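Everything on this sheet refers to the single structure shown next.
Protein chains: 2
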Amino acid sequence: QKEELELAAVYVSDAQHNRNIFFETQPQAVRLYLLYNHWLLVVLLYFFIMVNLLLAVVEQPALLPVPTWASMLVELVCLSVFSGRLVHYAKVIPRDKFWKDPKNLCILVILLLTLVDMIIYGALKATDIYSVRWSRVLRPLLLVNFTEGRQLRRAFRSIRNALPQILSVFLLFIFSILIFSLMALKLFGKRGLKTNSGKPYFTNFLEIVFDLYVLVTTANSPDIMMPAYNASSFFAVFFVIFILINTYIFMSVFLAVVYNNYKKYLKEEVRQLVRTKRHKMVRAFAILQERREGLEEPVVSHAFWNQLVRLVQADLSHAHRELLWSVADQHNQGYIGKLAFVQLADLLNIQVIAVKSRPHPLQRWSPSLYLSTPSRWLCRAVQHRVFVMVYDLIILVNAVFIGLDEEDPLVRNSEWFFLALYLLEILLKLYAMEPRAFYSRHNFWNWFDTIIIVSALVATIINTAMTSVGGYSSRQILDIVFTLRVLRLIRVVDSIKRFRVIINTLIKIGPTMLTFAQLIIVVYYIFAMVGMELFQGRIQFFDSDSPGKLSCGNPALQDSSFAQLNYCKNNFNNVVSSFILLVELTVVNQCGFTAVTHPSARLFFILFHIIVVIIIINIFVAFVLEAFFVEY
Amino acid sequence: QKEELELAAVYVSDAQHNRNIFFETQPQAVRLYLLYNHWLLVVLLYFFIMVNLLLAVVEQPALLPVPTWASMLVELVCLSVFSGRLVHYAKVIPRDKFWKDPKNLCILVILLLTLVDMIIYGALKATDIYSVRWSRVLRPLLLVNFTEGRQLRRAFRSIRNALPQILSVFLLFIFSILIFSLMALKLFGKRGLKTNSGKPYFTNFLEIVFDLYVLVTTANSPDIMMPAYNASSFFAVFFVIFILINTYIFMSVFLAVVYNNYKKYLKEEVRQLVRTKRHKMVRAFAILQERREGLEEPVVSHAFWNQLVRLVQADLSHAHRELLWSVADQHNQGYIGKLAFVQLADLLNIQVIAVKSRPHPLQRWSPSLYLSTPSRWLCRAVQHRVFVMVYDLIILVNAVFIGLDEEDPLVRNSEWFFLALYLLEILLKLYAMEPRAFYSRHNFWNWFDTIIIVSALVATIINTAMTSVGGYSSRQILDIVFTLRVLRLIRVVDSIKRFRVIINTLIKIGPTMLTFAQLIIVVYYIFAMVGMELFQGRIQFFDSDSPGKLSCGNPALQDSSFAQLNYCKNNFNNVVSSFILLVELTVVNQCGFTAVTHPSARLFFILFHIIVVIIIINIFVAFVLEAFFVEY
Ligand code: NA
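Residue numbers (our numbering), protein chains in the order written: chain A, 3 to 634; chain B, 3 to 634.
Shown next, in the form of structure tokens:
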């Protein structure tokens, strides 16, 4: 009986959290499954995935070099954790299901390949032969393939579904670039024009193709046009038409195709989710159902239902549970049918904001004082419109003071004054409002305020203490103080009504953006690993004015605009600078790397642009568009 | 009787072409109105608007300088044409309607202001005082305000409707930039960092705001980040967050808001159009209606209907007219009611593609020859799949030959061979297909082929003739020959099925894109006029290696990257280079102009970015998105 209830609770919980795992239903397996879903184990898994990814910081080429055996030891620990997790999963679900699921096979292959790579690498390292840790590109795939990466897998599926249509447009787009390149070769190739760096202009077909591809991203505009334009104004027409067709029309068509597929796929996903959710709830119902006299359909009694909900969500208050029951059992019959039962998963997800007028703690402590006329007057004042306006004014004045010179003692000391004012505001609000209501989950701005102000206070105190004791202020602490000081000003947008809709939408889509963050990390990580193997050490950054600075330590870049513009730190020499370079490539596809390696290195950059800008960024834009359409 | 019929025909014609003018209904006025809508007068008006706009080419600062009196004489002619058109319009519509319409007042004010400006300018010019032709910025507004600029007005209305919501997002966006700027000032201002050109880095708040605004457009990425990034990798976080929020999220939100409004407005516009169309048709019906015995509702007889349609569209064939009538009079009663009558405007707009199997002219000339077995076999061969594939292969081979070196006599002479093949293809197709069907309006690619091939033939013959007679080939003719030769290759996409959908959609949205072209011309023209007055002569372009080349003729640009990158031709010294510069600014907001004038000149560039990139380009993207959603 208890075990059946537990099984039903697991079904409901899975439905509530959109989990979709076919676990075995023996009591033993169910308990194992509950353990599998335990938040601690999930957090632990994510922690080790993170550690595994972060190993790139200490591996060659390293930001913080450590001995190879140390990083490999940590990696072995990670691998064993992943293996343990996989074995746990294998125990939870039926054997045949386990082997049929490509996710599991994928993880298994990744683990094996990593192990093989580690052995080879270790052996070669021991004999001092240069070798490549090629299995590192597989690491981010673990993020996708573990059962918890549901959202991420969905994003990848959505990309895969859009691919055929994207491919059509992409081929046409490439055809367009080829045609324009051929035309450029015929029009400009024989004119003897020179680029700004004195090289022949538009004489090699493949280089033209690459240059025009980069022009689509607008990264080399107007440089690529200038030699032709300087020769004759008429040639500008070629580039204007090129940009109109390829940058504006084709890029819009890409967005249209991606957006269209995204919407279609989203609908299909939602339908699927609703279906599996219903399926799980029906199963739970089948376990708990009983037949009553005079009723054709089986029902679930209030008692069973209560036990079930208590198992599913232990922290639910009695009142809340009764509320949910009264919603389900509308006719107050003491039992509910299948239809009402199935709704439970959704009901549990609804956040009931308890607008209970709980008395203020101060009121309980001393009612006469808290309810006295001056106290009441104070509470009313704090909640008045003028109070908000006064503080908006204070924020504006504060903004001016922040902009002024820190050297001035008046300005420096004013900080204490403003900090006091902000603290006073929070305290006054806490006086006027019940603290638990003030810090309820949906009050984003109260949390924001308190965290920022308290951190600023702590940082300012530490900074002042260090200055008065050691006579110097730490640059890092000062940076934090400054940042917090400016962040304080953001609060002003909440009091302007027209901004609130936009901000709330942005806050609401925040969690989903984390999926995109993961997606970007997976893709960036793979490109960073490949890029580090291909390009590490080719470009050097020199901090001081060493002679190598003018060529980024590579004679091929001597007098290049890459070195002149001081881009030397944009390199693949460690994982952090690789990631930052990839961000830059996402924004504008500028790359001096083809000068220091083979021209075919351009393929790396074109591939990156196709995957990140044409596909992922467009999906991101589609996502923001859709989110705003739903909100507005 | 005849006059009533004419009036009804005007109503139907207006409904058919979505015209919406409240003309007077006296026979005299109706005839005047018909004249007003005559295509010759409309073309004449557009011609003179074009001439008026093109005056900027010959006015100071001129591309082709002419005496001031000449350009002013032409402008006077334009003004009188516009006045005549306005007077004509005033005679057509009721007096009170004329004065209530802001369009007419706007034109009147523009004409008067232009006249005043011309007089002042002429007087000042005569006394050799420098003066500004400020009324030139008003010229493009004529394009909007004449009654024919309906589409353009709709586009402007759609922008105006989106403005309040755009403004909300824009203010929030500016707030975000201000906050980031303040943070940048506090974090980087006191570090003593230097930009690549040796100036202090991020020390002036207003300059930071401008630099970060430009960073949103990605034009100065990664330059703006490098000094901070070189100082510490940690600071890259600031820029990554900045770009994420402002470039990706805010720009997507702008697109969402613009797109949302565009869709909403489009629906409203279409509803309005349908309403006015119906209204016009009901009026026409009221004129022609008659009462018949035994019928409650008035009707229109077949005879009247026939006369009406003949008046509205004289070139309609008898068969086509009968087809329309049979659609309207479904029960073959000899008369139609109001409901059937109202549909006429839409029926007339439907293009009936006559799939009449008209005999081939050759068949009529010599049936026995054309219908002989070899002839039939030839026709079947031409229409066979293999024929298309053979020609696709020829195109590919041709592409390779185009890419090869022209110096080689084999390559040069192969051109004749390919030209002959393409001509043969067209002739064969014309042999197999009825010529009028081959060149029917919807056969875009047949028209394209024929025009390109015939032009290429003519240009190649001229080129060869010039080479063999004069011994030299004209560069211009050669450019045309090369361009046509490459354009020929485009045809290959039509035979690939997956491309056809995309291409057809693009061809279909082509005409509507002309509205955007006009919109862009209006905005560009105004900015070009203002820009020319503000910046003319500040930056000079030197063709030869004169000493001024290194500073673009302005000491302020000595050793600047603007001069080093050879951007000197990007200037506002005449209307053509202004337009090209504005295209470049649309693509990336790069501007060296603030160096040579006051820093406040930046406002010009920011304003341009807001209007063109944030508003117009987004509307264009929204338009392409919507068009593709409808097609797919
Ligand atoms: Na760009």
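Where is the CB? At the ideal position from N, CA and C, for every residue including glycine. Since the structure is predicted, the reported quantities are computational estimates derived from the model, not experimental observations.
Within the region 411–445 of chain A, no residue has its Cβ closer than 7 Å to any Cβ of chain B.
When rounded, the separation of the alpha-carbon atoms in residue 240/A and residue 409/A is 55 Å. Annotation for residue 381/B: the continuous alpha helix (DSSP H) segment containing it runs 375–384. With respect to chain A, the C-beta atom of residue 120/B has no partner C-beta closer than 8 Å. By the neighbour-count criterion, in which 16 or more other beta carbons inside 10 Å mark a residue as buried, residue 101/A falls on the exposed side.
If one requires a minimum length of 4 residues, no alpha helix (DSSP H) run lies completely within the region 459–485 of chain A. The three-state secondary structure of residue 303/B, taken from DSSP, is strand. Out of 555/A, 536/A, 538/A and 537/A, the CA that lies nearest to the CA of residue 545/A is found in 555/A. Look at the region 562–574 of chain A: the residues with a C-beta under 9 Å from a C-beta of chain B are 563, 566, 567, 568, 569, 570, 571 and 572.
Taking a Cβ-Cβ cut-off of 7 Å, the neighbours of residue 586/B in chain A comprise 223 and 224, given in sequence order. Taking C-beta atoms as the reference points, residue 72/A and residue 576/A fail to come closer than 8 Å. Contact check for residue 388/B against residue 430/B fails: the beta carbons are separated by 8 Å or more. For residue 326/A, the uninterrupted alpha helix (DSSP H) run begins and ends at 320–330, by DSSP.
The beta carbon of residue 129/B does not come within 8 Å of any beta carbon belonging to chain A, so the residue lies off that interface. Boundaries of the alpha helix (DSSP H) harbouring residue 212/B: 207–218, taken from the DSSP string.
Within the DSSP secondary-structure output, residue 196/B pairs in a beta bridge with 202/B. A check of alpha carbon separations from residue 406/A across 602/B, 341/B and 207/B identifies 207/B as the nearest.
When rounded, the separation of the alpha-carbon atoms in residue 466/A and residue 472/A is 10 Å. Taking a Cβ-Cβ cut-off of 9 Å, residue 293/B has no neighbours in chain A, whose nearest Cβ is about 52 Å from it. Inter-residue distance for residue 455/B and residue 509/B is about 20 Å (C-alpha atoms, whole angstroms). When the beta-carbon positions are compared, residue 413/A and residue 403/A come within less than 8 Å of each other. The beta-carbon of residue 540/A is placed no less than 8 Å from the nearest beta-carbon of chain B. Nearest to residue 81/A by alpha-carbon distance, out of 92/A, 97/A, 98/A and 52/A, is 52/A. For residue 262/B, the enclosing alpha helix (DSSP H) has its first and last residue at 253–290.
Of the residues assessed, residue 149/A falls on the buried side of the cut-off, its CB having 16 or more other CB atoms within 10 angstroms.
Residue 526/B is outside the set of residues whose beta carbon lies under 8 Å from a beta carbon in chain A. Below the 9 Å Cβ cutoff, chain A contributes 220, 221, 589 and 590 as neighbours of residue 220/B, in chain order.
The beta-carbon distance between residue 258/B and residue 626/A, rounded to whole angstroms, is 6 Å. This is short enough to meet the 8 Å contact definition. For residue 337/B, the pairing in a beta bridge is given by DSSP as 303/B.
With at least 16 other beta carbons inside 10 angstroms of its own, residue 219/A counts as buried. One Cα belongs to residue 633/A, the other to residue 153/A, and the distance between them is close to 21 Å. Chain B places no beta carbon closer than 8 Å to that of residue 143/A, leaving this residue out of the contacts. Here the alpha carbons of residue 420/B and residue 607/A stand approximately 37 Å from one another. Here residue 4/A is exposed. Its C-beta has fewer than 16 other C-beta atoms within 10 Å.
Measuring C-alpha to C-alpha distances from residue 122/A to each of 579/A, 494/A and 74/A identifies 74/A as the nearest.
At a beta-carbon threshold of 8 Å, the residues of chain B lying near residue 405/A are 184, 187 and 207, ordered along the chain.
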